[in-house]
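Okay, structure first, notes after.
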Amino acid sequence: MNSESWKSREMIRLILSIVLLIIGLILLGAPQFAMEVIVVIIGIVVLAYGVIQLLINLSKRNRGDANAGLAVPIIAIIIGVLLIIFRGGVANIILPFIIGVWAVITGVMSLMEASQVKDYSTGAWKVALISGLAELVLGIIIIVGIIAGGNALGVLLGTCLTIYGIFSIIEWGIVASAKK
C-alpha cells in the first residue's frame, strides 16, 4: 500500500472515530431519543436512495434500457418508510444488532492491525489489541442481547462508542506516528 493511500485511509478512519465519539456523547445525553433520531436519519437516507435510484432507472427504461430494474429502488423506498414509521422498535432491536455486528467486524480488524503494527512499535500494538478486544466483546454482548431495554442500551452504546472513539483516536495517533 502506497503512502498516499495509507494517509487517505487513516484520515477517513480519524474522521469516523471523531463522528463515533460525538454519537457516543449524544447517546449518553439522550439515549432513546438519539437512537430514534439515528434510525430516522438512516430511514431518510435509504428512502432518498430508493427515490433517486427509481427515477434514474425509470429514465433508463424510457431510453430503452431493459436492464434498469425497479425492484431494488422500490424495496429501498419501502425499507426507508418502515424505518421512519417504526423507529422506536428499530432503535431498540435492529440498530443495536447492526452496531453489534459492526463492533465485531471492527474489533477483528483492530486485532489484525495490532499484529501488523507490532513490528513498528512496542506500544502501538498494545492499544490496537486492547481496542480490538473491547470492540469484539462489546459486539458479542450486543448481538447476544445480554443487555436490553431502550435507555439502558442507549447508555451502553453511548458509553462504548465514546470509549471506542477515544481509543480509536489514540490508536490512530500512535499508529500514524509509528508508520512515519
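Each residue of the sequence shown is one higher than the one before, counting from 1 in the working numbering.
Note that the Cβ used here is the ideal one computed from N, Cα and C, for glycine as well.
On the criterion of 16 or more Cβ atoms from any shown chain inside 10 Å, does residue i qualify as buried, or is it exposed?
i	result
MET35	buried
ILE142	buried
ILE75	exposed
ILE26	buried
ASN62	exposed
GLY43	buried
GLY145	exposed
ASN182	Past the boundaries of the shown model lies residue 182; the chain is included only from 1 to 180, so the question cannot be answered.
ARG87	buried
LEU55	exposed
VAL45	exposed
For residue i, name the three-state secondary structure that DSSP assigns.
i	result
LEU70	coil
GLY24	helix
GLY132	helix
GLY145	coil
For residue i and residue j, what's the separation of their Cα atoms in angstroms?
i	j	result
LEU138	SER131	10 Å
LEU58	LEU70	8 Å
ILE77	VAL40	13 Å
ILE169	SER17	6 Å
GLY173	ILE15	12 Å
Under DSSP, the alpha helix (DSSP H) around residue i begins and ends at which residues?
i	result
ALA34	31 to 62
Give, in chain order, every unbroken run of the alpha helix (DSSP H) that is at least 4 residues long and sits entirely within the region 74 to 124. 87 to 92 and 94 to 117
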